[in-house]
Structure formats: structure tokens, C-alpha cells
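Peer 1: So the protein lines, in turn, are chains E and P.
If you count the first sequence from 1, you need to add 1 to reach the numbering used here.
If you count the second sequence from 1, you need to add 9 to reach the numbering used here.
Below you'll find the structure I mean.
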Amino acid sequence: MSETNVDRRELKFRKPGVDRFFHFVVTAGALASLLVLGLIAAFLVFRGFQIFKDMGLSFITGSKWEGSGNPGEPTAYGIAPMLVGSIVLSLVAVVVAVPLSVAAALFIEFYADQRIKKFLISLLDLAAAIPSVIFGLWGFFILAPRASHWAMSLNHHFGWFPLFHVPGQFFDGSPFIGGLVLAVMISPIITSVSREVFSQTPPDQISAAHALGGRKWSAIRYVALPFGRSGVVGGAMLGLGRALGETVAIYLVVNIVFKTNINILFSGGGNIASMIALKFGEASNYEVKALLASGFVLFVFTLLVNMAATYIVNISKRNRV
Amino acid sequence: MSISLQGIIGRGDFERALNFSVADGDVLAITGPNGSGKSTIIHTIAGLISLRSGQLQSDNIMWDAPDSEQWVAPENRSCSVVFQDLRLFPHMNVLSNVAYGLRAHGVNKDEATARSSAVLSRVGLSSFEKRQPNDLSGGERQRVALARALVMEPRVLLLDEPLSSVDSASRAVLRQLLPEVLSGFGGATILVTHDPADVEALASATFGL
């Protein structure tokens with residue numbers, strides 16, 4: 002290879018003042034959100050530290066919640082049943098919501114005509130803004146009576162499957178019903194994220210699928226769905242994050258009982274957030290610390306789920322060629 | 010007569026009147042400068058855009074005739090396209106890319122796999138079945154796109170600048186391979202190109218824009 006003499010010079014570039022100001026404003030905004038998040042975490046750790054110190058790992062793995070921390074009174078706090086309850090409720094919600102949301106997203110993006118599409122997208126945004134207490138009331142008065150019958154029917158036909166087994170014929174206020182309410186709550190966000198990802202399917206790929214003899218469904222199945230798969234997973238994880246932290250709807254619909262219940266059709270259960278809401282009003286000072294420590298566990302868990310969602314959505318963006 | 014187009018094609022503000030036909034076994038090269046409507050012809054025949062007026066028919070079946078509101082959807086036209094930008098599906102391996110059209114037409118998996126393997130062998134890619142398109146060279150990707158079109162056994166094969174996006178070495182290989190492949194193809198071929206060497210190597214007739 003021959004060497005070439007190149008006159009090198011240093012390139013200098015100074016951003017205009019407006020750019021630097023804007024950069025400062027957005028950086029300050031981003032740092033402020035991080036700071037608030039950090040302060041919330043610090044507050045929860047600070048207030049709950051004594052509980053982590055006193056209970057150790059059994060705070061996560063234990064399944065007793067008794068005592069008020071007064072001297073001489075046996076006190077033990079462990080959030081395992083509510084942690085399991087949070088996961089079970091959220092998983093029921095995601096399992097029900099994802100297929101419905103993906104179908105809705107495909108309909109809006111590929112089948113609905115332009116006017117209906119705009120209307121449905123607005124409706125989705127509206128649905129995402131409905132307060133959870135409304136979903137809770139709807140779940141309590143409208144859904145729960147019907148869902149109890151569905152639960153009975155599921156148990157009757159599929160009771161051999163451990164999840165659908167019940168130790169007694171009590172179907173009200175079950176994780177199944179709570180999960181259905183959560184599913185309705187998180188569907189808008191999953192549908193919205195999925196539709197957004199499907200809308201980015203390269204039109205050239207769709208037209209190539211048609212030019213090779215693929216009908217609309219074939220193009221969706223072989224091109225749009227694989228293209229949007231990671232995005233759908235990301236949307237589901239975001240929905241899971243919301244479901245994990247839901248309080249009021251679960252408080253209203255599920256029969257809050259401090260026990261580990263993985264028989265999802267059977268009455269009783271709950272999640273960390275609803276447990277905090279239930280116990281906070283009458284808790285002793287020491288118990289309040291335990292509730293704040295529970296809040297910290299939920300905070301970390303939700304943060305991890307959201308980080309996983311972001312990671313998955315980023316992978317999906319990288320894989321788009 | 011395998012395919013004939015008499016009418017006005019168009020995209021946006023661009024319009025052009027055309028009148029040509031291609032018989033089975035013939036390779037018609039459509040030549041012309043950039044912006045003369047070469048790719049628009051391919052897209053019109055494939056059914057990805059419609060004729061402005063006139064008629065497009067293949068084997069006496071009207072594919073597109075706006076005046077009499079006749080239209081055959083792209084997936085129902087017996088034609089396959091090798092696009093200029095190839096448009097391989099990046100998430101599918103080579104075999105799945107080639108088998109896509111057959112599977113979309115309801116051919117069972119075993120038969121689709123066997124037919125796709127046979128065509129990949131014809132274009133010299135039998136050992137590339139499990140590779141992803143992004144791991145292939147430009148010439149190899151071009152051959153996958155050709156196999157994907159041929160496996161459908163179409164009546165009309167549309168090649169949009171098939172040699173424009175490959176390096177000179179791959180182009181030489183493809184100029185040898187394409188005539189062999191096209192000689193075994195019984196339908197009509199329309200080749201869009203701006204390179205006289207492609208016309209010389211591949212075409213039996215020329216249509217200038």
C-alpha cells in the first residue's frame with residue numbers, strides 16, 4: 002500500500018448558543034427524573050432499612066405477617082405470598098391481554114380503514130388514561146359475577162390442571178378475576194406499542210410478500226409478525242410492569258388474603274401494592290416500616306421488569322434491517 | 010402470447026404510454042435512463058401499482074383493465090419479481106425465503122422444502138440453505154432472490170436491474186448463470202436494465218424507453 006501525504010488539520014466546531022441551552026434544559030430534565038426516582042428509592046430504603054436488617058432474607062421468602070413490633074410481641078414479616086400473588090396476577094393479565102392486544106393491533110394497522118383506524122387509536126389513548134378505580138368498579142360490579150361462572154366452568158373442564166384446581170368451591174375474588182381486570186387495564190398499552198411496531202414493518206417487505214403470491218394474512222404472518230415480535234414482547238413487559246404495581250383495582254376485586262395461592266380460580270390472593278393499601282391505615286410504626294420495605298421490593302421488581310422491556314425493545318430495533 | 014401491455018402506466022406525476030408484448034421463452038430487455046419508468050413497468054405488471062388506462066393481460070386473462078374495472082390482485086397473478094433492492098426477508102434463512110411463496114400458496118412444508126432446495130441447487134446455493142440473507146455476499150443474495158422467484162414456476166418472470174447491485178466478479182458469474190437458468194424457464198421474461206452488456210448477454214428482444 003502506498004503512503005499518501007495528508008495535510009491534517011483539527012476541525013473545530015462550537016454548537017450555537019440555542020443548541021447548548023436546549024441541551025442543558027433536556028439534560029437537566031432527564032437528570033431531574035433520575036433524581037426523583039433515586040430519592041424515592043432512597044426514602045424507601047431509609048424507612049425500611051430496619052426491617053431488612055431485622056428480618057434478613059426471610060422478609061422476601063417468609064410467608065407470615067404478624068405482630069406490630071412492640072417489645073415482647075413476636076413479630077415476623079415476610080412478603081412471599083404477596084410477591085407470588087403479584088407475579089401470578091400479572092401473568093394471568095399478560096397471558097389474557099397479549100393475544101387480544103396483538104389481534105387488535107393487527108386489525109387497526111392492517112385491516113381497519115383510515116377513519117376507523119384514527120378513531121381506534123384515539124380510543125386506545127383514552128383507555129390508557131382511565132383511572133384504575135374505574136376498572137376496579139367495573140370489575141367488581143360487572144365482570145366479577147360473570148367471571149366467577151367462567152372460573153367454575155374452567156374448573157369443571159380443566160380442574161385436573163394444577164392452576165385450575167380449587168381446594169373448595171369458592172370462586173369469588175380470585176386471582177383469575179383480578180387478572181382479567183388487569184388484562185383489560187394493560188391491553189391499551191400492549192396494543193399501542195404493538196401497533197406502533199407493526200406500523201414500522203417496511204412496506205417493501207409487505208409488497209415483496211404480495212408479489213411472491215402472499216395474501217394479506219400470509220404477509221402479516223410471515224413478515225409483520227416476525228418483524229414486530231420483539232416489540233410485542235416489549236409491550237407485554239411494559240404491561241406486566243403496570244400490572245405488577247396495580248393497587249386499587251386489585252383491592253376492589255380480589256379477596257385480599259395473606260396466603261400463597263397459585264390455584265388461580267380459587268378465592269383469595271392479592272399483590273404487594275394492594276396489601277400496602279389494605280394494611281397502611283391501621284399499621285403500627287414498625288409495621289409501616291415493613292410496608293415501606295415491601296414498597297421498595299416492588300419498586301426494584303418493577304424497575305427490573307421495565308429495564309428488561311427497554312432492553313427487548315432495543316433489541317427489536319437493532320434487528321430491523 | 011404470454012404477456013401484453015397496452016396502456017398508460019404512472020406513478021405520482023409520471024405517466025408513460027406503452028405497447029409491448031412478450032412471448033413464452035422470450036426475454037424482453039426494457040432499457041432507458043433513470044426516471045424513464047422502467048421499475049414502474051415491473052411494479053405495474055406485478056400488480057403493486059395499477060395501470061392508469063389500457064389493459065394488461067397474460068394468457069388471455071385480464072390482469073388489469075381500469076376502463077372495465079378488471080383487476081387481478083398481485084398474489085393471484087402468475088408472475089414473480091426479482092426486485093432491484095432484492096427485498097429478501099431478513100428474519101428468514103435462505104431456504105425459508107425461497108419457500109415463502111410456496112407456503113403462502115398452501116403448499117405443504119415438505120414439498121415446499123424439496124422444491125426450494127432443488128431451485129437453490131440450480132442457482133448454485135445448495136449449501137447455503139441455513140444461512141441468513143445478511144451473511145451472504147451481494148451476488149449470493151441476488152441468486153437467492155432469483156431462486157425465490159423461479160420456485161413459483163411463474164408464467165412471467167420480472168427482473169428489475171438484476172445485476173446492478175453486485176460487484177464486478179459476481180456480475181460475471183451471474184451473467185453466465187442467468188442465461189442457463191432462463192433457458193430452462195418456459196414463460197416470458199421481462200428484464201429491466203440500463204446496462205447494454207446485460208442486454209447483450211440475456212435478452213432476445215429490446216424495448217427502449
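For each residue, glycine too, the CB sits at the ideal point set by N, CA and C.
This one's a predicted model, so the numbers in the text were calculated from it and none came from an experiment.
Looking at the structure shown, is P/W72 part of a helix, part of a strand, or coil, going by DSSP?
Peer 2: As a working note, residue 72 of chain P is residue 63 in the second sequence. Correct three-state label for P/W72: strand.
Peer 1: How is E/T76 classed by DSSP in three states: helix, strand or coil?
Peer 2: For the purposes of this step, residue 76 of chain E is taken as the residue at position 75 of the first sequence. Coil.
Peer 1: Quick one: is E/A225 near chain P, going by C-beta distance under 8 Å?
Peer 2: Position 224 of the first sequence, counted from the first residue, corresponds to residue 225 of chain E. It does not: the Cβ of E/A225 has no partner Cβ on chain P nearer than 8 Å.
Peer 1: When DSSP builds the beta bridges, which residues end up paired with P/D169?
Peer 2: If you number the second sequence from 1, residue 169 of chain P lands on position 160. In the DSSP output, where bridge partners are listed per residue, P/D169 has P/V201.
Peer 1: According to DSSP, is E/T248 helix, strand or coil?
Peer 2: Position 247 of the first sequence holds residue 248 of chain E. In the structure shown, E/T248 sits in coil (DSSP, three-state: anything other than H, G, I, E or B).
Peer 1: Terminal residues of the continuous beta strand (DSSP E) containing E/Q170?
Peer 2: Position 169 of the first sequence, counting from 1, holds the residue named residue 170 of chain E. From DSSP, E/Q170 is part of no beta strand (DSSP E); its letter is neither H nor E.
Peer 1: My understanding is that P/I12 touches P/S67, with C-beta atoms under 8 Å, so please give their C-beta distance in whole angstroms.
Peer 2: Position 3 of the second sequence, counted from the first residue, corresponds to residue 12 of chain P. Position 58 of the second sequence, counted from the first residue, corresponds to residue 67 of chain P. P/I12 to P/S67, Cβ: 5 Å. Contact.
Peer 1: Within 10 angstroms of its Cβ, does P/V6 collect 16 or more other Cβ (buried), or is it exposed?
Peer 2: It is not possible to answer for residue 6 of chain P, since the shown part of chain P is limited to 10 through 218.
Peer 1: Just checking: is the beta-carbon of P/L200 within a distance shorter than 8 Å of some beta-carbon in chain E?
Peer 2: By one-based count along the second sequence, residue 200 of chain P stands at place 191. No, its Cβ sits nowhere closer than 8 Å to a Cβ of chain E.
Peer 1: Determine the chain E residues that contact P/S89 at a beta-carbon separation under 9 Å, and present them in chain order.
Peer 2: Position 80 of the second sequence, counted from the start, is the residue given in the question as residue 89 of chain P. Per Cβ cutoff of 9 Å: A212, L213, G214.
Peer 1: Quick check on E/F228 - is its C-beta less than 8 Å from some C-beta in chain P?
Peer 2: Walking along the first sequence from the start, residue 228 of chain E turns up at place 227. True, the Cβ-Cβ gap to chain P drops below 8 Å.
Peer 1: What are the residues that DSSP puts in a beta bridge with E/I257?
Peer 2: Numbered from its first residue, the first sequence carries residue 257 of chain E at position 256. DSSP, once it has assigned bridges, lists E/G270 as partnering E/I257.
Peer 1: Could you pull out every residue in the same chain whose Cβ sits closer than 8 Å to the Cβ of E/E197, ignoring the five residues on either side in sequence?
Peer 2: For the purposes of this step, residue 197 of chain E is taken as the residue at position 196 of the first sequence. These residues qualify, in order along the chain: G232.
Peer 1: Under 8 Å, do P/D33 and P/G193 count as touching if we go by C-beta distance?
Peer 2: The residue you call residue 33 of chain P lines up with position 24 of the second sequence. The residue you call residue 193 of chain P lines up with position 184 of the second sequence. Cβ distance not < 8 Å, so P/D33 and P/G193 don't count as in contact.
Peer 1: Going straight from the alpha carbon of P/D119 to that of P/V107, what length do you get?
Peer 2: Start at 1 with the first residue of the second sequence, and residue 119 of chain P comes out as number 110. Start at 1 with the first residue of the second sequence, and residue 107 of chain P comes out as number 98. Those two C-alpha atoms are separated by around 13 Å.
Peer 1: Measure how close the beta-carbons of E/L181 and E/L144 come, nearest whole angstrom, since I'm counting them as under 8 Å.
Peer 2: In the first sequence, counting from the first residue as 1, residue 181 of chain E sits at position 180. In the first sequence, counting from the first residue as 1, residue 144 of chain E sits at position 143. Indeed, because the Cβ distance is near 6 Å, the residues count as touching under 8 Å.
Peer 1: Does P/Q84 get closer than 8 Å to chain E when you measure Cβ to Cβ?
Peer 2: Residue 84 of chain P sits at position 75 when you count from the first residue of the second sequence. According to the sequence displayed, residue 84 of chain P carries Glu and not Gln. So, interface residue.
Peer 1: Look up P/T40 in the DSSP assignment and give the residues it is bridged to.
Peer 2: Numbered from 1 along the second sequence, position 31 holds the residue referred to as residue 40 of chain P. Looking at the DSSP assignment, P/T40 forms a beta bridge with P/T202, P/G217.
Peer 1: Compare the C-beta of P/F137 with all C-beta atoms of chain A and state if any pair is closer than 8 Å.
Peer 2: Among the protein chains of the structure shown, namely E and P, there is no chain A.
Peer 1: Which residues mark the beginning and the end of the beta strand (DSSP E) in which P/F29 is found?
Peer 2: In the second sequence, the residue the question calls residue 29 of chain P occupies position 20. Looking at the DSSP string, the run of the beta strand (DSSP E) that includes P/F29 is 23-31.
Peer 1: Taking P/L186 as the reference, give the member of P/H52, P/T215, P/A74, P/A156 with the closest Cα.
Peer 2: Taking the second sequence and counting its residues from 1, one reaches residue 186 of chain P at position 177. Nearest of P/H52, P/T215, P/A74, P/A156 to P/L186, Cα basis: P/A156.
Peer 1: Is the beta carbon of E/G79 sitting closer than 8 Å to the one on E/S59?
Peer 2: One-based indexing of the first sequence puts residue 79 of chain E at position 78. One-based indexing of the first sequence puts residue 59 of chain E at position 58. Against a cut-off of 8 Å, the Cβ pair of E/S59 and E/G79 comes out as a contact.
Peer 1: Looking at chain P, which residues of the stretch 185-212 of chain E have a Cβ within less than 8 Å of any of its Cβ atoms?
Peer 2: Here the close residues are D205, Q206, S208, A209, A210, H211, A212.
Peer 1: Unbroken alpha helix (DSSP H) runs of length 4 or more, entirely within the stretch 117-174 of chain P: which are they?
Peer 2: Those alpha helix (DSSP H) runs which fall completely within the stretch 117-174 of chain P and span 4+ residues are 118-131, 147-159.
Peer 1: Once the 5 residues before and after E/I191 are set aside, which same chain residues still bring their CB inside 7 Å of it?
Peer 2: To locate residue 191 of chain E, count along the first sequence from 1; it is residue 190. Within the same chain, E/I191 has close Cβ partners A98, V99, S102, G236, A237, G240.
Peer 1: When you compare each of E/E283, E/K290, E/V254 to E/G137 by their alpha carbons, which one comes out closest?
Peer 2: Taking the first residue of the first sequence as position 1, residue 137 of chain E is located at position 136. If we check each option's Cα against that of E/G137, E/V254 comes out closest.
Peer 1: Terminal residues of the continuous alpha helix (DSSP H) containing P/Q185?
Peer 2: Here the question's residue 185 of chain P lines up with position 176 in the second sequence. 177-192 is the extent of the alpha helix (DSSP H) around P/Q185.
Peer 1: Check whether the stretch 36-51 of chain E touches the stretch 282-300 of chain E, counting contact only when three or more Cβ pairs, one atom from each stretch, lie closer than 8 Å.
Peer 2: At 8 Å Cβ cutoff, the stretches touch.
Peer 1: Which of the three DSSP states is assigned to E/Q201 in this structure?
Peer 2: Working through the first sequence from its first residue, we reach residue 201 of chain E at position 200. DSSP places E/Q201 in coil when its eight states are reduced to three.
Peer 1: On the DSSP letters alone, give me the boundaries of the alpha helix (DSSP H) that E/L121 sits inside.
Peer 2: Walking along the first sequence from the start, residue 121 of chain E turns up at place 120. Element bounds for E/L121: 115-129.
Peer 1: Check whether chain P comes within 8 Å of E/S219, counting only Cβ atoms and requiring the distance to be less than that.
Peer 2: The residue labelled residue 219 of chain E in the question sits at position 218 within the first sequence. For E/S219, the answer is yes, since a Cβ of chain P falls inside 8 Å of its Cβ.
Peer 1: The beta strand (DSSP E) with P/R20 in it runs from where to where?
Peer 2: Reading the second sequence from its first residue, position 11 is the one you call residue 20 of chain P. Counting along the chain, the beta strand (DSSP E) containing P/R20 begins and ends at 12-20.
Peer 1: Rounded C-beta distance between E/L121 and E/A113? I'm assuming under 8 Å.
Peer 2: Taking the first sequence and counting its residues from 1, the one referred to as residue 121 of chain E is at position 120. Taking the first sequence and counting its residues from 1, the one referred to as residue 113 of chain E is at position 112. Contact flag correct, Cβ pair sits at about 6 Å.
Peer 1: Does the CB of P/A156 have a neighbour CB from chain E at under 8 Å?
Peer 2: Indexing the second sequence from 1 puts residue 156 of chain P at position 147. By this cut-off, P/A156 is not an interface position.
Peer 1: Would you check if the stretch 265-278 of chain E and the stretch 48-62 of chain E touch, i.e. whether three or more CB-CB distances between them fall below 8 Å?
Peer 2: No, because fewer than three Cβ pairs between the stretch 48-62 of chain E and the stretch 265-278 of chain E fall closer than 8 Å, the two stretches do not touch.
Peer 1: If we count the other Cβ atoms within 10 Å of its Cβ and call it buried at 16 or more, is E/L305 buried or exposed?
Peer 2: Translated into positions along the first sequence, residue 305 of chain E becomes position 304. So E/L305 counts as exposed.
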